[in-house]
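S.K.:
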Amino acid sequence: MSGLGMVVALIICAAPNPFAAALGAVLGGIVVGPAYTIAFAAAKDLCRVGREYEGLAVAWVNSISLTGAFWPPLIFSYLAKSFDYSAAWLGGSALCFLLLIPLFFLRGDQTRSAKEA
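Take 1400 as the starting number for the sequence shown in our numbering and just add one per residue.
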(Lines of atoms letter the chains of each structure in order from A and count residues from 1; the text may use other names and numbers.)
(Lines give C-alpha, C1' and ligand atoms only; values in the text may rest on other atoms or scores of the structure.)
Protein backbone atom coordinates (compact mmCIF):
# COMPACT_ATOMS: atom_id res chain seq x y z
CA MET A 1 0.00 0.00 0.00
CA SER A 2 2.87 2.34 0.75
CA GLY A 3 4.22 2.04 -2.78
CA LEU A 4 0.87 2.83 -4.35
CA GLY A 5 0.52 5.80 -2.01
CA MET A 6 3.88 7.05 -3.24
CA VAL A 7 2.77 6.66 -6.86
CA VAL A 8 -0.32 8.77 -6.11
CA ALA A 9 1.80 11.37 -4.27
CA LEU A 10 4.13 11.69 -7.26
CA ILE A 11 1.20 12.07 -9.66
CA ILE A 12 -0.18 14.85 -7.46
CA CYS A 13 3.23 16.56 -7.53
CA ALA A 14 3.05 16.62 -11.33
CA ALA A 15 0.36 19.33 -11.20
CA PRO A 16 2.13 22.66 -11.79
CA ASN A 17 1.07 24.57 -8.67
CA PRO A 18 2.47 24.99 -5.15
CA PHE A 19 -0.61 23.52 -3.43
CA ALA A 20 -0.23 20.24 -5.34
CA ALA A 21 3.48 20.12 -4.55
CA ALA A 22 2.77 20.57 -0.84
CA LEU A 23 -0.06 18.03 -0.86
CA GLY A 24 2.09 15.47 -2.70
CA ALA A 25 4.98 15.96 -0.29
CA VAL A 26 2.75 15.55 2.77
CA LEU A 27 1.02 12.48 1.33
CA GLY A 28 4.37 10.96 0.35
CA GLY A 29 5.74 11.47 3.85
CA ILE A 30 2.64 9.97 5.45
CA VAL A 31 2.66 6.80 3.34
CA VAL A 32 6.40 6.16 3.09
CA GLY A 33 7.56 7.09 6.59
CA PRO A 34 5.82 4.17 8.32
CA ALA A 35 7.00 1.79 5.59
CA TYR A 36 10.65 2.52 6.41
CA THR A 37 9.98 1.96 10.09
CA ILE A 38 8.24 -1.35 9.39
CA ALA A 39 11.06 -2.50 7.10
CA PHE A 40 13.74 -1.89 9.72
CA ALA A 41 11.64 -3.41 12.51
CA ALA A 42 10.93 -6.47 10.38
CA ALA A 43 14.63 -6.92 9.63
CA LYS A 44 15.32 -6.99 13.36
CA ASP A 45 12.36 -9.21 14.28
CA LEU A 46 12.73 -11.71 11.44
CA CYS A 47 16.47 -12.24 11.88
CA ARG A 48 16.79 -16.04 12.17
CA VAL A 49 20.36 -16.13 13.43
CA GLY A 50 21.61 -15.18 16.86
CA ARG A 51 20.62 -11.99 18.61
CA GLU A 52 24.09 -10.56 18.08
CA TYR A 53 23.42 -10.45 14.31
CA GLU A 54 20.23 -8.36 14.50
CA GLY A 55 22.25 -5.19 13.91
CA LEU A 56 23.75 -6.74 10.79
CA ALA A 57 20.28 -7.56 9.45
CA VAL A 58 19.16 -3.96 9.99
CA ALA A 59 22.37 -2.66 8.38
CA TRP A 60 21.75 -4.91 5.36
CA VAL A 61 18.25 -3.48 4.88
CA ASN A 62 19.65 0.04 5.31
CA SER A 63 22.34 -0.52 2.68
CA ILE A 64 19.78 -1.84 0.18
CA SER A 65 17.58 1.17 0.93
CA LEU A 66 20.45 3.61 0.38
CA THR A 67 21.44 1.89 -2.86
CA GLY A 68 17.86 2.15 -4.13
CA ALA A 69 17.58 5.80 -3.05
CA PHE A 70 20.64 6.81 -5.08
CA TRP A 71 19.00 6.57 -8.52
CA PRO A 72 15.69 8.52 -8.32
CA PRO A 73 17.27 12.01 -8.03
CA LEU A 74 19.43 11.31 -11.08
CA ILE A 75 16.49 10.08 -13.14
CA PHE A 76 14.30 12.98 -11.97
CA SER A 77 16.99 15.52 -12.87
CA TYR A 78 17.46 13.99 -16.30
CA LEU A 79 13.72 14.06 -17.02
CA ALA A 80 13.33 17.60 -15.68
CA LYS A 81 16.21 18.87 -17.83
CA SER A 82 15.14 16.97 -20.95
CA PHE A 83 11.40 17.68 -20.70
CA ASP A 84 9.86 19.58 -17.78
CA TYR A 85 9.06 19.13 -14.10
CA SER A 86 5.61 17.64 -14.68
CA ALA A 87 7.13 15.00 -16.92
CA ALA A 88 9.80 14.30 -14.31
CA TRP A 89 7.19 13.76 -11.57
CA LEU A 90 5.11 11.52 -13.86
CA GLY A 91 8.25 9.62 -14.89
CA GLY A 92 9.13 9.04 -11.24
CA SER A 93 5.61 7.83 -10.61
CA ALA A 94 5.78 5.44 -13.56
CA LEU A 95 9.16 4.10 -12.43
CA CYS A 96 7.85 3.59 -8.90
CA PHE A 97 4.84 1.70 -10.25
CA LEU A 98 7.00 -0.47 -12.52
CA LEU A 99 9.14 -1.47 -9.56
CA LEU A 100 6.00 -2.38 -7.61
CA ILE A 101 4.62 -4.77 -10.24
CA PRO A 102 6.66 -7.81 -9.09
CA LEU A 103 5.33 -7.31 -5.55
CA PHE A 104 1.77 -7.80 -6.79
CA PHE A 105 2.65 -11.36 -7.79
CA LEU A 106 4.25 -12.43 -4.50
CA ARG A 107 2.59 -15.30 -2.78
CA GLY A 108 2.28 -15.96 0.92
CA ASP A 109 4.89 -17.75 3.01
CA GLN A 110 6.04 -20.68 0.85
CA THR A 111 7.30 -22.72 3.81
CA ARG A 112 3.93 -22.56 5.53
CA SER A 113 2.00 -23.64 2.43
CA ALA A 114 4.47 -26.49 1.79
CA LYS A 115 3.92 -27.84 5.32
CA GLU A 116 0.13 -27.64 4.95
CA ALA A 117 0.14 -29.65 1.70
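C-beta: ideal position from N, C-alpha, C; glycine also.
(1) Could you tell me the alpha carbon to alpha carbon distance between SER1512 and ASP1444, rounded to whole angstroms?
(2) For ALA1413, count neighbouring Cβ atoms within 10 angstroms of its own Cβ and tell me buried if that reaches 16, exposed if not.
(3) So GLY1467 is in the alpha helix (DSSP H); what residue range does that whole segment cover?
(4) How far does the alpha helix (DSSP H) with PRO1501 in it reach, from first residue to last?
(5) Work out the CA separation of SER1462 and ALA1468 for me, nearest whole Å.
(6) Can you give me the C-alpha to C-alpha distance between PHE1504 and ALA1419, rounded to a whole angstrom?
(7) Suppose contacts are defined by Cβ-Cβ distances below 8 Å. Is LEU1426 in contact with GLY1404 by that definition?
(8) Is ALA1351 helix, strand or coil by DSSP?
(9) When you compare only the Cα positions, how much space is there between VAL1406 and THR1466?
(10) When we look at the beta-carbon of GLY1490 and count the other beta-carbons within 10 Å, is it buried (16 or more) or exposed?
M.R.: The answer reads as follows:
(1) Note that SER1512 scores a pLDDT of 48, beneath 50, so its modelled location is shaky and nothing firm can be said.
(2) buried
(3) 1453-1481
(4) 1484-1503
(5) 10 Å
(6) 32 Å
(7) yes
(8) This structure cannot speak to residue 1351, because the chain is shown only from 1400 to 1516.
(9) 20 Å
(10) buried
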